[in-house]
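See structure below.
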Amino acid sequence: ISNLEFCLHYSGVLKSDDRASGKHRIRMQLHPQIEALCRGRFYPTFKPDLENSRDDNSPPMYYAIDGKQFYFLVSSKLHTVVNLDITLLLPHPVGSIIHSGGDVDNRIKTLFDALRIPHNPSEAPSHFGEIATESPTFSLLEDDKLINRISIKSYEDNAPEGKDTVRCFIQVETRITTGSWEGLNFV
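According to the numbering used here, the sequence shown is numbered sequentially starting from 26.
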């Protein structure tokens, strides 16, 4: 059995300690990429929720927060985790991370928060109305605790769009931790 791999991409502001609205802006840029996966390769897993035909015995693949549905691709319910290989193109020389734009580990934490669904209403989009929110919204993770391994490479972006703007490529590898019928779409 092999693991499933795909790549996500993000281009925009990635601050080292961003607010919930900044994290949600990243989430919304990733949303159409993850939605395409959920409505394509993973459709059998999401079909009962998307067509309102889920029986009472299987867990839903979303949480509702403030009247919005937040779907997640990788879930403890499916016994799946992810390995992430992240490539960052930064708007400054790689050696000046501390003096220009914040440290990489806090930027990565911001990215991790954006990869997961909101955990409570204060992280939900109704609290920052300037960002359009799809309902349902598709995110990679139910929780960032499902990140099993990370690898980060950073390079200077020779044509940056702004001082906090990065280009980010996220190679995702899903991994099943326990065999289940629901997790078969992830191999």
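Note that CB positions come from ideal geometry on N, CA and C, so glycine has one too.
As the structure is a prediction and not an experimental result, all values here were calculated from the model.
query                                                                                                                   : result
Residue 149 burial status per 10 Å Cβ neighbour count (16 or more: buried)                                              : buried
Sufficient close CB pairs (3 or more, under 8 Å) joining the segment 183-193 to the segment 106-116                     : yes
Residue 36 Cβ short of 7 Å to the ligand FMN heavy atom set                                                             : Among the ligands in the structure shown, none appear at all, so the ligand FMN cannot be discussed.
Under the three-state DSSP convention, the category residue 148 falls into                                              : helix
Contiguous beta strand (DSSP E) assignments of at least 3 residues, all confined to the segment 182-207                 : 190-201
Span of the beta strand (DSSP E) around residue 3                                                                       : The displayed coordinates of the chain run from 26 to 212. Any statement about residue 3 would go beyond what the structure contains.
Presumed contact (8 Å Cβ cut-off) between residue 55 and residue 33, rounded CB distance                                : 6 Å
Span separating the alpha-carbon of residue 78 from that of residue 90                                                  : 21 Å
Unbroken stretches of the beta strand (DSSP E), 3 residues or longer, contained in the segment 36-104                   : 87-90 and 93-99
7 Å Cβ shell around residue 84 - same chain, five flanking residues per side excluded                                   : 102
Residue 43 vs residue 112 beta-carbon contact at 8 Å                                                                    : no
Residue 140 - containing alpha helix (DSSP H), residue span                                                             : 129-140
Contact belief for residue 71 with residue 166 at Cβ below 8 Å, rounded distance in angstroms                           : With 8 Å as the limit, residue 71 and residue 166 do not qualify as a contact, their Cβ atoms being about 15 Å apart.
Per-residue burial, residue 26 [other beta carbons within 10 Å of its own, 16 or more giving buried]                    : Its pLDDT being 40, under 50, residue 26 is placed unreliably by the model, and the measurement read from it follows with that caveat. With fewer than 16 Cβ atoms within 10 Å of its Cβ, residue 26 is classed as exposed.
Cutoff 7 Å; reference residue 230; Cβ partners in own chain excluding five residues on either side                      : Nothing about residue 230 can be read from this structure; the chain reaches only from 26 to 212.
Close-in-space but distant-in-sequence residues of the same chain around residue 196 (CB under 6 Å, 5 per side omitted) : 32 and 110
Boundaries of the beta strand (DSSP E) in which residue 166 is found, first to last residue                             : 162-166
Rounded straight-line distance, which links the Cα of residue 63 to that of residue 73                                  : 12 Å
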